[in-house]
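Below is one structure, written out as structure tokens; the observations come after it.
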Amino acid sequence: MTLEILNDFYSVYQFDSDYKLDNIFQNNEFFSITRTKDELSVVAKEKSFDNFIKSETGWRILKITGILDFSLTGIISNISSILSEANISVFVISTFNTDYVMVKNETLEKTVEALRGNGYEVAGVSPN
């Protein structure tokens, strides 16, 4: 299985649940929006917003390449177990087609080493 490192640095932003998003996503290769009754969370390129409650910066995204069928099991469990053993924290986002694993940039090199050491291919930009 191959994971591809996306080019940009990302942040996780928190907003009030009733915050109205502008159409700023046109220049984002990747973004994710989750709204609950309690909050609005957005993952987007760093410096995409100014008006947030909190943000966590410095994330890199690894995309599991290809389309994953819903009947497949254990992919995220296996990846997160490998990274947990390497003491690497993850933030996971799933879409209809595939999954994305976010790690902090300072752990990206260690992430790539751990995944490659367990049989995964990792493609994309360099860790720095």
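Just so you know, my numbering puts the end of the sequence shown at 233, numbered straight through with nothing missing.
For every residue, glycine included, the Cβ atom is placed at its ideal position computed from N, Cα and C.
Among the bridge pairs identified by DSSP, SER137 is matched with VAL148.
With a cutoff of 9 Å on beta-carbon distance, THR107 and VAL227 are scored as near each other. The straight-line gap separating the alpha-carbon atoms of ILE172 and GLY179 is approximately 15 Å.
A residue is called buried once 16 or more other Cβ atoms fall within 10 Å of its Cβ, and SER122, having fewer, is exposed. Under the rule that a run must span 4 or more residues, the alpha helix (DSSP H) segments found entirely inside the stretch 172 to 218 read 180 to 190. Put simply, of ASP155, ASN192, ASN183 and ASN210 the residue whose alpha carbon is nearest the alpha carbon of TYR115 is ASN210. In the DSSP assignment, LEU167 falls within the beta strand (DSSP E) that extends over 159 to 169.
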